[in-house]
Amino acid sequence: MTVKRAALAGALLIVVCVGVVVALSGGSDSQNAAPARSADGRSGGALRMGTTNGLPNLNPFVTVSINGLALLRQMYPYLVQYDLKQKIAPDFAGSWKASQGGKTWTFRTTPKARWSDGRPLTARDAAWTIDLIKKYAKTAAANLAGSLSHVQRVRATDERTLVVTYDRPRPDSTVLGGLTRVPILPRHIWSAYAGDDGKALQTVPAKVMAVGGGPFTLTEFKEAQVALLKRNDNYYGPKPAIDGFGLQIFSAPEVELNALRSGEIDWIQSVPPQAMSTLSSNKSLAVGQARSYNQCVVSFNGNAAHTELRQPRVREAIANGIDVQDLIKVVMNGAAIPAPSIVPAASPEWRDPAVQATPFDVAAGNRILDALGYKKGGGGIRTANGHPMSYRIVYSAINPLQQAAVKLMATSVRRLGIQLIPAPATGVGFSAALKEDDGKGFDSVMDCWTSGVDPEFIMSFSRCDAIKTFTETNYCNKEFDELFDAQSEEVDPARRRDDIFKMQEILARDRPWQWLFSPNVAEAWSKRWTGFTIGPAGTLNSLTSQALLNVRRVDE
Amino acid sequence: MSSSRSQYVATRAVQSFGTVLVALTANFLIFRLLPGNAADDFARVPGATPELQDALRDQFGLDGSLWTQYVAYIKQLLHGNLGTSFYSRQPVTHDLAVAIGNSLPMVLAGTLIGIGLGVAVGAVAAWRRGTGFERGATAGGLVLYAMPAQFLGLLLMILFHNVLPIAGMQDEFAPAGQSTLAHLHDVGRHMILPATTLGLIIFGNYVVLTRAAVLDTLGQEYVLAARARGFSDAYVLREHALRNAALPIVHMVALSLGFMVAGSILIETVFSWPGIGHAVFQAVLARDYPMLQGAFLTLSVAVIGLNFCADVISMHLDRRVVG
Amino acid sequence: MSRLARLHRGGLLGGAIVATFAAVAVLAPVIAPYGVDQSFSQIFGHPSLAHPFGLDDSTHDVLTRVMWGGRTSLSIGLAATAIAVLLGTTVGVLAGYSRGLVDHALMRITDYVLVLPSIPLVIVVIATWGPSVSHLAIVIGLLLWTTTARLVRAQVKSMRELVYVRRAVSLGASDARIVTRYILPQVTPLVLASAVLTLAHAIFVEAALAFLGLGDPGSVSWGTMIEAAFQRTAVSAGAWWTIVAPGTCIAVFILACSLLSRASEEALNPRLRVAYLSARGPRIVPR
Chain A
1 MTVKRAALAG ALLIVVCVGV VVALSGGSDS QNAAPARSAD GRSGGALRMG
51 TTNGLPNLNP FVTVSINGLA LLRQMYPYLV QYDLKQKIAP DFAGSWKASQ
101 GGKTWTFRTT PKARWSDGRP LTARDAAWTI DLIKKYAKTA AANLAGSLSH
151 VQRVRATDER TLVVTYDRPR PDSTVLGGLT RVPILPRHIW SAYAGDDGKA
201 LQTVPAKVMA VGGGPFTLTE FKEAQVALLK RNDNYYGPKP AIDGFGLQIF
251 SAPEVELNAL RSGEIDWIQS VPPQAMSTLS SNKSLAVGQA RSYNQCVVSF
301 NGNAAHTELR QPRVREAIAN GIDVQDLIKV VMNGAAIPAP SIVPAASPEW
351 RDPAVQATPF DVAAGNRILD ALGYKKGGGG IRTANGHPMS YRIVYSAINP
401 LQQAAVKLMA TSVRRLGIQL IPAPATGVGF SAALKEDDGK GFDSVMDCWT
451 SGVDPEFIMS FSRCDAIKTF TETNYCNKEF DELFDAQSEE VDPARRRDDI
501 FKMQEILARD RPWQWLFSPN VAEAWSKRWT GFTIGPAGTL NSLTSQALLN
551 VRRVDE
Chain B
557 MSSSRSQYVA TRAVQSFGTV LVALTANFLI FRLLPGNAAD DFARVPGATP
607 ELQDALRDQF GLDGSLWTQY VAYIKQLLHG NLGTSFYSRQ PVTHDLAVAI
657 GNSLPMVLAG TLIGIGLGVA VGAVAAWRRG TGFERGATAG GLVLYAMPAQ
707 FLGLLLMILF HNVLPIAGMQ DEFAPAGQST LAHLHDVGRH MILPATTLGL
757 IIFGNYVVLT RAAVLDTLGQ EYVLAARARG FSDAYVLREH ALRNAALPIV
807 HMVALSLGFM VAGSILIETV FSWPGIGHAV FQAVLARDYP MLQGAFLTLS
857 VAVIGLNFCA DVISMHLDRR VVG
Chain C
880 MSRLARLHRG GLLGGAIVAT FAAVAVLAPV IAPYGVDQSF SQIFGHPSLA
930 HPFGLDDSTH DVLTRVMWGG RTSLSIGLAA TAIAVLLGTT VGVLAGYSRG
980 LVDHALMRIT DYVLVLPSIP LVIVVIATWG PSVSHLAIVI GLLLWTTTAR
1030 LVRAQVKSMR ELVYVRRAVS LGASDARIVT RYILPQVTPL VLASAVLTLA
1080 HAIFVEAALA FLGLGDPGSV SWGTMIEAAF QRTAVSAGAW WTIVAPGTCI
1130 AVFILACSLL SRASEEALNP RLRVAYLSAR GPRIVPR
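Protein chains in written order, with our numbering: chain A, 1 to 556; chain B, 557 to 879; chain C, 880 to 1166.
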């Protein structure tokens, strides 16, 4: 081949490439298409949602991701739900009655309900599901069993009546709160996988999840990429306006934002604080914020090798060295509120007003440490118990919010003569760091927790038990545990609230957690859509089946 | 093939197999010796219990001694079973197949165009030594090759984010029942930016490499001798220069698979392309051992295999290499 | 201009660029216009006279951070290169000098490290061990030694056959003496040329790791600057300077290393046939 031919070949290749690129550049994706109209004339349309939270699987026995749980909520019937005001409301069970002081609960379920494939959906399916979960509570169904831990027996006395018996009288919060997390599964589909130790339950093929009973059914799922759902016309509850929706997973907020602005998607789950102003000034997009259940916290290891860190006074001094307002301004760009207590402001009925935020007062912090006799040594770092007061603070390495917050805190706490050393951990390395050296290896952790509507979940991580499963505090206080057990059985709401207030006061006194701020829920969407109800858990959440009920296109 | 050649092939085959065995074992050890495993992280769930962690450990065979785990691993491999992914609870072979299937079109497109154009331009540049074309091609190649993949990808994203799709492999929300042609069009559009990023870097590399290789062979004495004996330019180029320049290029292709995986991790992250690079990264974060083991093994074996092919090809090309 | 002269010009240019970067890195605390973490008015401020490279997402001055970032990137790169070159030279000399089994075993190990999906492995190790400057340097160094090893081995092997070496052997000189007196001095220039490319490679890997969130969070490096810009939505905000500034530094530095090594390769050993030292690939050496 001569050089000329090589050159020609090369030139031809370039021309072909350019031609292909030009041909493909003419876009024609769904963003330019006219809104689809369904057969019954409702304008419907499909809502395209985007998120950066992972979605590895949608199997009810496996999924623990927040969006996985939110999608299950839309795919399956649940006995009860939270309404859009975070109050317990009927779902598949239209009404219920507690008897024997709360030991036996009788639910009346919706009559003539159907699964998406047309088969009858009855209380018997509910009984079968709960039995299945109890049967494999220690193995395949361990995820779901926690919500049913006090259930002793369940049976369906007829097509519409479900009787659940508990080990002893239990309050609404335990019974109903637990049942909001248990999806009812179609027996006629799942029983094939229910034998033999239940091992097959966790690895069922995707088509098994295609039959459901919620407002939508799953039509397609590509792990960690996209989940597509269409409206279930057999749904027993109020039908949403949209024909369907899809949730696409993006690898970074950057890409997600771009997709929103170019019209490839219609809604994003979380607006990064730095993008708030650019999005707000975009005329075709709307931004919505709300107080959330999410709170960011610094925890102190009760089992730290640096024993001075176990003292509440030292913890208080460190808290005096953290400027929460500055954190909110710099890290969150103002899109957060201070969080004094373990119970978020979005749960006002459980939040103890007596628990106040610790003021940012470096002088006071220094006074405390001086009084304790910790002198400043080389480099301005104080010495305690023979070692410098230099502490490792573990946090998730790929979380830019936490990274920035830890840096700021380290700078301000330095003024107390205490050094915070950032110790980022990736993915599962996080739990490994906490278990290191028998739980003595870390000094403190920065993390963000999302509590549920009921404070019991977030409080449970401060029990002595938690040390065995997962703890960032190694906190163990008998009084706290007793109150916890009491409130989980307390049927009288006023007395329960007292218990919960007392628990908050104990935690505020012992300071295993130093709660900092609560990042707002911040969503953005194209103005061509409306009806997003941004509650403390965002629009797409696992609390309510009505999440997308009111969403519809504007131009109709 | 002469007997010394077949001997060479046989030796290389045995060597490659040996490397595969090393790869298998090292693969297993690497992931078992790292601290932290996926079962620990699942505890951060409402209702998590020690039983749940035990159940997971049992299911994934994380208890038992290292030796028993190794034996189980080899047994599984012989059955073509790469285990079940912690993260997705699907068979690793399935997840790998999907991920590789997603990566392949994009990587192949970028690589083939990059190599094709790079070799062509490099060869022309070498022949046209001393011209502006050669200088430009060399400079351009060097610059492109020096760019970190994520930087080049981001640059393209900045320039084209209003014109071309910058995320994902396809429009996930396209109406069902789309024609194959429309689907190909969709994937093609999404592929342009990531494939171009990869292609440009590879192009840069091969321009420089090819030019140097061709230049070098052109300077060899046997070429001089051939021209002195009156053979035409075309003949010399074809029979000697390009043939011998092909040697290092072929080696490069085989060994650059490693680079392509690295580049693809970065490019797939930038453009949210759901391929093998992205899958590996996710698996690392989730400590998804079975997936990581499977991916590493597949990639190692692929590289070993390609190396072997490259050796055989180069043996045919270079009449002097025998062993 | 002849090819040689052009190569030398390229080499000089490369050398000048590398020297400049090194100087800026060393002098950063002195010549940086502002503090690394000093805050200014607005996030993603446009480039201006006061801030030639603009402001980033935390209102810090990008030019200052680029200077300090160079310090981190270059120190990780240099440390990694030192480790890689030391290890590679040792293995190369051992393998090239001793024939037979030792050579064979070392080469199989080198082969395996070459076929290993190295970047994913590095990711796994850093993700587990923790991303700090020292960990990064060590892991990257352990990744990059094979190219030096192969080069050195080839050179040592060919040297072993040289007349004066064989004469020394026949005269009863110890191995150690032969290695130190004859082999090492000849090998050193080659190693230095290889080191320049290893440095470029190390900077590339550091930037890649940082982009995936595995850079050292406590310090600024060119790689972490690109990562931060990407994670904090700089592209959507139109703040291209937060990406272009650090990225161009990396590209220019790697380019400079390439130029430098091409010139030195030519100068050192114009007859070394197929050693197309390229910025990231492996070397092809005569068997």
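Cβ coordinates follow ideal geometry from the N, Cα and C atoms, glycine included.
Buried versus exposed, by CB contacts within 10 Å (16 or more), residue i
i          : result
Thr-157/A  : exposed
Tyr-701/B  : buried
Thr-623/B  : The question names Thr, yet the displayed sequence has Trp at residue 623/B. Flag for Trp-623/B reads exposed.
Ile-630/B  : exposed
Gly-377/A  : exposed
Gly-26/A   : At Gly-26/A, the pLDDT of 48 sits below 50, so the modelled position is not reliable; the number obtained from the coordinates is stated separately. Classification of Gly-26/A: exposed, given that the 10 Å Cβ count is below 16.
Tyr-193/A  : buried
His-834/B  : buried
Arg-1045/C : exposed
Gln-356/A  : exposed
Pro-912/C  : exposed
Gly-889/C  : buried
Arg-1060/C : exposed
First through last residue of the alpha helix (DSSP H) which encompasses residue i
i         : result
Ala-336/A : Per DSSP, Ala-336/A belongs to no alpha helix (DSSP H); it is in the beta strand (DSSP E), 336-338.
Glu-456/A : 456-460
Val-62/A  : First-last for Val-62/A: undefined, no H or E at that position.
Leu-756/B : 736-774
Arg-124/A : 123-135
Contact set between residue i and chain C, taken where Cβ atoms lie within less than 7 Å
i         : result
Thr-278/A : Ser-1115, Ala-1116
Pro-272/A : Arg-1111, Thr-1112
Residue i: contacting residues in chain C (beta-carbon distance under 8 Å)
i         : result
Asn-258/A : Val-1114, Ser-1115
His-717/B : Val-1114
Val-330/A : Ser-918, Ser-937
Element boundaries [beta strand (DSSP E), containing residue i]
i         : result
Leu-798/B : Here Leu-798/B belongs to no beta strand (DSSP E), and DSSP marks it neither H nor E.
Gly-971/C : Segment 941-976 is the alpha helix (DSSP H) holding Gly-971/C; no beta strand (DSSP E) there.
Arg-392/A : 390-396
Ala-89/A  : 88-90
Gln-81/A  : 80-82
Asn-294/A : 294-300
Partners in chain A for residue i, counting only beta-carbon separations shorter than 8 Å
i          : result
Ala-1107/C : Pro-400
Chain A residues whose Cβ lies nearer than 7 Å to that of residue i
i          : result
Pro-1010/C : Ala-397, Pro-424
Ile-922/C  : Gln-274
Where residue i meets chain A, residues with beta-carbon distance less than 9 Å
i         : result
Thr-825/B : Ser-251, Ala-252
Closer than 7 Å at the beta carbon, the chain B residues around residue i
i        : result
Asn-57/A : Ser-644, Arg-645
Arg-48/A : Phe-729
Identity of the residues DSSP links to residue i by a beta bridge
i         : result
Lys-244/A : According to the sequence shown, residue 244/A is Gly rather than Lys. DSSP output for Gly-244/A lists Ala-46/A, Lys-230/A as bridge partner(s).
Phe-107/A : Trp-96/A, Leu-162/A
Ala-522/A : Gln-289/A
Proximal residues of chain B, C-beta to C-beta of residue i below 9 Å
i         : result
Ala-224/A : Tyr-643, Ser-644, Pro-830, His-834, Ala-835, Gln-838
heavy atom of the ligand MG below 6 Å from residue i C-beta
i         : result
Tyr-626/B : The ligand MG is absent from the structure shown, which contains no ligands of any kind.
Can at least three beta-carbon pairs, one atom from the segment 85-96 of chain A and one from the segment 133-143 of chain A, be found at a separation below 8 Å?
Judged by Cβ distances under 8 Å, the segment 85-96 of chain A makes no contact with the segment 133-143 of chain A, as fewer than three pairs qualify.
At least 3 beta-carbon pairs within less than 8 Å: the segment 699-716 of chain B vs the segment 844-859 of chain B:
Pairwise C-beta distances place the segment 699-716 of chain B out of contact with the segment 844-859 of chain B, as fewer than three of them are shorter than 8 Å.
Quick check: the segment 504-524 of chain A against the segment 281-298 of chain A, are at least 3 beta-carbon pairs closer than 8 Å?
The segment 281-298 of chain A, when compared against the segment 504-524 of chain A, does touch it at the 8 Å Cβ threshold.
Taking three-plus beta-carbon pairs below 8 Å as touching, is the segment 448-465 of chain A in contact with the segment 315-331 of chain A?
No: fewer than three Cβ pairs fall under 8 Å.
Contact the segment 246-254 of chain A vs the segment 480-500 of chain A: 3+ CB pairs below 8 Å:
Because the criterion of three Cβ pairs below 8 Å is not met, the segment 246-254 of chain A and the segment 480-500 of chain A do not touch.
Touch test, the segment 823-843 of chain B against the segment 705-716 of chain B, Cβ-Cβ under 8 Å, three pairs minimum:
Contact between the segment 823-843 of chain B and the segment 705-716 of chain B is present: 3 or more CB-CB pairs across the two stretches fall below 8 Å.
Inspect the CB distances between the segment 275-294 of chain A and the segment 326-341 of chain A and report whether three or more fall short of 8 Å.
Because the criterion of three Cβ pairs below 8 Å is met, the segment 275-294 of chain A and the segment 326-341 of chain A touch.
How do the segment 1123-1136 of chain C and the segment 896-912 of chain C stand: do at least 3 beta-carbon pairs fall below 8 Å, yes or no?
Because the criterion of three Cβ pairs below 8 Å is met, the segment 1123-1136 of chain C and the segment 896-912 of chain C touch.
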